[in-house]
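Trainee:
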Amino acid sequence: MTCPEGEGPRTPIEELLHRLAAAALLGEAEAVMRGERHLTIEHGYPETDDETARLDRLRAVAWRGADGAHARSIGGGGDYTTITVEGPSAEAFVDQLTALATALGPSWWRVRQSAR
Numbered sequence: 024m025t026c027p028e029g030e031g032p033r034t035p036i037e038e039l040l041h042r043l044a045a046a047a048l049l050g051e052a053e054a055v056m057r058g059e060r061h062l063t064i065e066h067g068y069p070e071t072d073d074e075t076a077r078l079d080r081l082r083a084v085a086w087r088g089a090d091g092a093h094a095r096s097i098g099g100g101g102d103y104t105t106i107t108v109e110g111p112s113a114e115a116f117v118d119q120l121t122a123l124a125t126a127l128g129p130s131w132w133r134v135r136q137s138a139r
């Protein structure tokens, strides 16, 4: 199996994981070229009404959008949320959402501008 110089051969599982990671990066790059931007918050499973309210506030702001940008989708799982934004001002709006998520979130939230 192919591998960078200086690395030993990959097992079939390692090769599959490598290809899946590369495909995910390629998919995200294609989305960026289409003008989409992503924000993912790893927040853990909400355990209190306060935690749920923080996430609801972030989602409400995302759905309202901004001049030149709007949320195309908000998804994720019980322990993370991914917001996809599109429009000519998508990058600036994701910056605003990142700042809001950082301000709203407890110290254990992991906020990053990526699809996951």
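Mapping of the sequence shown onto this note's numbering: residues 24 to 139, in sequence order. Virtual Cβ for every residue (Gly too), placed ideally from N, Cα, C.
1) Give me whichever residues DSSP pairs with E65 in a beta bridge.
2) Note the first and the last residue of the continuous alpha helix (DSSP H) segment covering D90.
3) Nearest by alpha-carbon distance to G58: which of V108, L127, A138, V134 is it?
4) Hey, V117 and L48: beta-carbon distance below 9 Å or not?
5) Can you tell me the Cα-Cα spacing of R60 and P32, whole angstroms?
6) Excluding the 5 residues flanking H41 on each side, which residues of the same chain have their C-beta closer than 7 Å to its C-beta?
7) Please report the distance separating the alpha-carbon of A89 from that of E30.
8) Span of the alpha helix (DSSP H) holding A124?
9) For I97, which beta-bridge partners are listed by DSSP?
Mentor: In short:
1) Start at 1 with the first residue of the sequence shown, and residue 65 comes out as number 42. Looking at the DSSP assignment, E65 forms a beta bridge with Y103, R133.
2) For the purposes of this step, residue 90 is taken as residue 67 along the sequence shown, with counting starting at 1. That residue, D90, is in no alpha helix (DSSP H); it is neither H nor E in DSSP.
3) Position 35 of the sequence shown, counted from the start, is the residue given in the question as residue 58. For G58, the nearest C-alpha among the options comes from V108.
4) Locating residue 117 in the sequence shown gives position 94, where the first residue counts as 1. Locating residue 48 in the sequence shown gives position 25, where the first residue counts as 1. Cβ distance not < 9 Å, so V117 and L48 don't count as in contact.
5) What you label residue 60 is simply residue 37 of the sequence shown in a count that begins at 1. What you label residue 32 is simply residue 9 of the sequence shown in a count that begins at 1. For R60 and P32, the distance between alpha carbons rounds to 35 Å.
6) Numbered from its first residue, the sequence shown carries residue 41 at position 18. Correct list, in chain order: R33.
7) Against the sequence shown, residue 89 aligns to sequence position 66. Against the sequence shown, residue 30 aligns to sequence position 7. Cα to Cα, the separation comes out at about 47 Å.
8) Taking the first residue of the sequence shown as position 1, residue 124 is located at position 101. Its alpha helix (DSSP H) spans residues 113 to 127.
9) Taking the first residue of the sequence shown as 1, we reach residue 97 at position 74. Answer is I106.
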